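Here the structure comes first, spelled out in structure tokens, and everything after it is commentary.
Number of protein chains: 2
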Amino acid sequence: MTNHGNNLDPWYGHYADRTAGLAASEVRALFAVASRPEVVSLAGGMPFVSALPKELVKAAFDRVMCDQGAVALQYGSGQGLPALREHILEVMALEGIRAGVDDIVVTTGSQHALELVTKLFINPGDVVLAEGPSYVTALTVFKSFQAEVSHVAMDDHGLIPESLRESIARVRAAGKTIKFLYTVPTFSNPAGVTLSWERRLEIVEICRTSGILVLEDNPYGLLYFEGQPPHAMRSVEEDGVIYLGTFSKTLAPGFRLGWALAPHAIREKLILANEAAVLSPSSLTQHIVAEYLSSSDWRGQIGTFRGVYRERRDAMLTALDDYLPDLSWTHPAGGFYVWVSLPENLDSKSMLPRAVKELVAYTPGTAFYADGNGRNKMRLSFCYPTPDFIREGIRRLSTVINGELELLTTFSQTAPLPVQRPASSMSNPPANLG
Amino acid sequence: MTNHGNNLDPWYGHYADRTAGLAASEVRALFAVASRPEVVSLAGGMPFVSALPKELVKAAFDRVMCDQGAVALQYGSGQGLPALREHILEVMALEGIRAGVDDIVVTTGSQHALELVTKLFINPGDVVLAEGPSYVTALTVFKSFQAEVSHVAMDDHGLIPESLRESIARVRAAGKTIKFLYTVPTFSNPAGVTLSWERRLEIVEICRTSGILVLEDNPYGLLYFEGQPPHAMRSVEEDGVIYLGTFSKTLAPGFRLGWALAPHAIREKLILANEAAVLSPSSLTQHIVAEYLSSSDWRGQIGTFRGVYRERRDAMLTALDDYLPDLSWTHPAGGFYVWVSLPENLDSKSMLPRAVKELVAYTPGTAFYADGNGRNKMRLSFCYPTPDFIREGIRRLSTVINGELELLTTFSQTAPLPVQRPASSMSNPPANLG
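Protein chains in written order, with my numbering: chain C, 94 to 527; chain E, 94 to 527.
The structure is reproduced here in structure tokens:
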């Protein structure tokens, strides 16, 4: 028995083994920094909800309370409101997905779908294959269930099929069990790249023949800036894909509504896991969103969001061209993020305190890897600040980066280049960076 | 590797070991039955939300959208809205709890707090001590993290301290690790009994000296029918109690808002686990509830609920006296439930199809035990149906019970009494019981 506490926590010895993977993420700590008004935050992933007319939400709420108030205030079902699931089918049809209303499980944001799928599949030590880099809070969830994450290389066209084959072979040769491939194939977070259509087909085929489930996370697909987004991987493979969707980016995160579209047997287990975790997602927010989708021009509203984010993407790419022409970065065709590569000898994490001092914030690349990679990478978000602020943020960032490079050059004239810088105290930056 | 599926589920061999504990609960199946209008359902635990004036919710929503729309539609923090946490302190003060606003973590209903606490503490094989009988979906959560539940006996005054001591000694003698005691001390679900003040002190002391955390779940405390409810166990012990509260019964479940009040180090881990699971609880519903609490007579509204449920409790106890005078049952001083003991040779689970045929539903006692106990018990809910329906439901129930007893008497005159009846197909009653 380990019933022994310490001076700081009398319950120290009581926690489950899985809590070893729970630590404050770099992105979480940055929320505090980013909230100071003088800082241009290119760090968070907050959608620009002010582009959603509040009257539309109010009108939907009023109709719900008038027509179905008692039901909307009551417990719902663990699978979610049927009327909302009908509308979700319409949303997914825009990306080529055909499914039935019974195939959907509504969740408390797609984040909770991610948590529930992980709870259903991961034994301690099981392997999750994931893009390198990957969405930071997905990595947190996998760790919290003691999964081992093995990153698969990607380039400007997304996951590299040959790297996936190699990863599968290597992990299995080590005697480990792969449970699923986690991917954000369209306008990925954080890389801002999109898996090509040919690769989608190839990766689905690799996973099918290898008996590996695909967890396709698609929060950004409808926020495309040019032409149309590629169809979802789920559009070509039903039995081997769990698809996650959300209303956080096409409507608003405050509703906390997302969904999983899963093969029959998995979906049944997801419903049970959802009921155990929260009994049901919020009936009230489900009713409001269902009413909004049935009575508003929601496609037009998504078009408005696309326009807002396209303008901000353009502002960011132009500013990068103008202020940091020597660096390289991705050119997202949709979504929220640009992924920037710094010179090899720069460390984005240890540079962050200096950036915040210069009143600009970003997310260091290491946050998006489970294996310590990404040291000279950073994620820049163009979703929340206005174009002018984005440009000013990039200008400030260029000052910081150029200052660091200068320092390194000076340093390298008198001493060898330091390969490993001291770890910064990322776990609580606001206290140190005032 | 176990990458082998079967004809029904190609991913059969992929699930985590913990999914072995996931199965459709008896209460879940009953939702389908209870929703048919001709059935008097004494089975569910749905609060009577029609007693909440919709105008109050509408007014709160309007003010939120007018004053703080963009914030309410955005992501929130993993700990929850500070303004809401301030009000939660006022709510808990009614039951003698003193705490700080930083000690609270807002969750997606108190159900999610239960899930998160279990995720934080339970390794497979760890033991949870729990009242016998216990809240059914708590048992589901514990099983879903592979906890072993050891029931502690209770009587009309709640948990029996001597039984708790014996349980602790027995479990530890078997070399097992006890992680916490789960209890609903006030107006318990399903037993409808309340832990006396003397026993609260004694049980807190037993747990303190034994190094066992107390998980105090208190959804019903403010729904008292006589005098005042006893103060919470948390009011006398800070470091050893995690207290769970909810707005589902004092306001409405559709908001999906509850909370955990936990010692410092545990609370920090709860916030991280909450962020991993859902990023944040719904900002929108948090803002609405905070606004409602700051501008409405919420204490008066809880008084209205008390009046509604008191009348229904009285209707149920009177009807039991009138129609089933030979049985015994608990006399709840608050909450939603009466726990009925049938004659030893009756089996409430196998009797249920007959009851539904007679258009009355209840929850069989075995649902509330992890160990197969409760065969001749049943939970009756008085929260949702009107007094007239409650009386009619009990009348129908008496017909069923008397019919069963008659059958058994006839049977026992020609053959020995069957001790084990064939298992009924509880997992899907509606299809069989039309």
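Positions of the beta carbon are idealized from the N, C-alpha and C atoms, including for glycine. Treat the numbers as computed from the prediction; the structure is a model and nothing was measured.
Same chain only: Cβ atoms within 7 Å of residue i, ignoring 5 sequence neighbours per side
i                 : result
Ser517 of chain E : Unreliable positioning characterises Ser517 of chain E in this predicted model, as indicated by a pLDDT of 36, which lies under 50. A coordinate reading is not provided.
Val194 of chain C : Pro175, Arg178, Glu179, Leu182
Gly114 of chain C : Lys236, Ser237, Gln239
Tyr285 of chain C : A small correction: the amino acid at residue 285 of chain C is Gly; Tyr does not occupy that position in the sequence shown. Result list for Gly285 of chain C: Thr423, Pro425, Gly428, Tyr430, Val431, Trp432, in chain order.
Glu451 of chain C : Arg489, Thr492, Val493
Met409 of chain C : Val431, Leu473, Phe475, Ile483, Ile487
Ala524 of chain E : Here Ala524 of chain E scores only 29 on pLDDT, less than 50, and its place in the model is too uncertain to base an answer on.
Leu294 of chain C : Val329
Leu187 of chain E : Leu315
Lys212 of chain C : Phe238, Ala366
Val242 of chain E : Val221, Ala223, Leu232, Phe235, Ala463
Lys342 of chain E : Pro140, Pro312, Tyr313, Leu316
Val512 of chain C : Confidence is the limiting factor: at Val512 of chain C the pLDDT is only 44, short of 50, which leaves the residue's position unreliable and the question unanswerable from this model.
8 Å contact criterion, which residue i and residue j should meet: CB distance rounded
i                 : j                 : result
Leu434 of chain E : Ala136 of chain E : As written in the sequence, residue 434 of chain E is Ser, which differs from the Leu given in the question. The Cβ separation is near 18 Å, so there is no contact.
Arg349 of chain C : Thr201 of chain C : 5 Å
Ile483 of chain C : Leu417 of chain C : Contact doesn't hold; Cβ gap of about 13 Å is too wide.
Pro140 of chain E : Cys476 of chain E : 6 Å
Val199 of chain C : Trp352 of chain C : 5 Å
Tyr108 of chain C : Phe504 of chain E : In fact, because the Cβ distance is near 54 Å, the residues do not count as touching under 8 Å.
Residue from the options with nearest C-alpha to residue i
i                 : options                                : result
Tyr336 of chain E : E:Pro356, E:Leu350, E:Glu319, E:Phe348 : E:Pro356
Met247 of chain E : E:Ala240, E:Gln239, E:Glu259           : E:Glu259
Gly320 of chain C : C:Ala426, C:Ile359, C:Gln204, C:Val234 : C:Ala426
Gln204 of chain E : E:Pro312, E:Leu413, E:Glu404           : E:Pro312
Asp390 of chain E : E:Asp481, E:Leu209, E:Leu344, E:Ala408 : E:Leu344
Met471 of chain C : C:Ser421, C:Glu485, C:Pro480           : C:Ser421
Pro69 of chain C  : C:Asp440, C:Val229, C:Asp196, C:Thr378 : Past the edges of chain C, shown from 94 to 527, lies residue 69 of chain C, and the structure says nothing about it.
Gly338 of chain C : C:Pro323, C:Val245, C:Ala206           : C:Ala206
Phe461 of chain E : E:Leu213, E:His244, E:Asp102           : E:His244
Tyr373 of chain E : E:Pro146, E:Arg406, E:Gln172, E:Pro478 : The amino acid at residue 373 of chain E is misidentified as Tyr; the sequence shows Ser. Ser373 of chain E has its Cα closest to that of E:Gln172, out of E:Pro146, E:Arg406, E:Gln172, E:Pro478.
Asp102 of chain E : C:Leu145, C:Phe504, C:Ile359, C:Gln394 : C:Ile359
Val229 of chain C : C:Lys342, C:Thr411, C:Ser281, C:Tyr317 : C:Ser281
Leu318 of chain C : C:Ser341, C:Arg406, C:Ile253           : Per the sequence shown, residue 318 of chain C should be read as Phe rather than Leu. Phe318 of chain C has its Cα closest to that of C:Arg406, out of C:Ser341, C:Arg406, C:Ile253.
Leu209 of chain E : C:Thr112, C:Asp464, C:Ala412           : C:Thr112
Thr479 of chain C : C:Ala117, C:Trp104, C:Ser134, C:Ala116 : C:Ser134
His324 of chain C : C:Ala463, C:Leu413, C:Ser341, C:Gly189 : C:Gly189
Tyr498 of chain E : E:Pro457, E:Tyr402, E:Pro436, E:Gly458 : For clarity, residue 498 of chain E is Leu in the given sequence; the question names Tyr instead. Here the closest residue by C-alpha is E:Pro436.
Leu386 of chain E : E:Ala117, E:Val184, E:Ile261           : E:Val184
Thr456 of chain E : E:Ile253, E:Pro283, E:Ala267           : E:Pro283
Thr279 of chain C : C:Ser256, C:Gln394, C:Leu252, C:Leu354 : C:Leu252
Leu354 of chain C : C:Asp160, C:Arg191, C:Gly138, C:Ala144 : C:Arg191
Neighbourhood of residue i by C-beta distance below 8 Å, restricted to the same chain and skipping five residues each side
i                 : result
Asp110 of chain C : Pro217, Gln239
Val132 of chain C : Val126, Val449, Leu452, Val453, Ala454
Ser388 of chain C : Ala152, Ala153, Arg156
Ser376 of chain E : Val164, Ala165, Leu166, Gln167, Tyr168, Gly169, Leu174
His250 of chain C : Val286, Thr287, Leu288, Ser289, Arg292
Arg403 of chain C : Phe318
Chain-order list of residues whose beta-carbon lies under 6 Å from that of residue i (same chain, five-residue window excluded)
i                 : result
Asp219 of chain E : Ala240, Thr270, Lys272
Ala370 of chain E : none
Gly527 of chain C : Only weak support is given to the placement of Gly527 of chain C: the predicted model assigns it a pLDDT of 27, under 50, and the value that follows is read from those uncertain coordinates. No residues qualify anywhere along the chain.
Ala262 of chain C : none
Arg392 of chain E : none
Spell out a yes or no on whether the segment 224-239 of chain E and the segment 376-389 of chain E are touching, meaning 3 or more CB-CB pairs, one atom from each, closer than 8 Å. no
Do the segment 301-318 of chain C and the segment 274-282 of chain C make contact, defined as three or more Cβ pairs closer than 8 Å? yes
Tell me whether the segment 291-303 of chain E and the segment 325-333 of chain E touch, counting them as touching only if at least three CB pairs, one residue from each stretch, are closer than 8 Å. The segment 291-303 of chain E vs the segment 325-333 of chain E: in contact.
Segment contact flag, the segment 353-368 of chain E with the segment 140-152 of chain E, C-beta cutoff 8 Å, min 3 pairs: no
Determine contact between the segment 389-405 of chain C and the segment 290-297 of chain C, defined as no fewer than three beta-carbon pairs at a distance below 8 Å. no
What runs of the alpha helix (DSSP H), each 4 residues or longer, lie entirely inside the segment 147-174 of chain C? 147-165
Threshold first: 4 residues or longer. Then list the alpha helix (DSSP H) segments lying entirely within the segment 187-217 of chain C, N to C. 202-214
Which complete beta strand (DSSP E) runs does the segment 221-278 of chain C hold, if anything under 3 residues is left out? 241-248, 271-276
4 or more residues per run - each alpha helix (DSSP H) lying fully within the segment 388-419 of chain E: 391-416
Suppose only complete runs of 3+ residues qualify. What are the beta strand (DSSP E) ranges in the segment 463-490 of chain C, listed by chain order? 470-474
Along the chain, which unbroken stretches of the alpha helix (DSSP H) at least 4 residues long are found entirely within the segment 428-452 of chain C? 441-450
Where are the alpha helix (DSSP H) runs, 4 residues long or more, that stay fully inside the segment 270-325 of chain E, in chain order? 290-303
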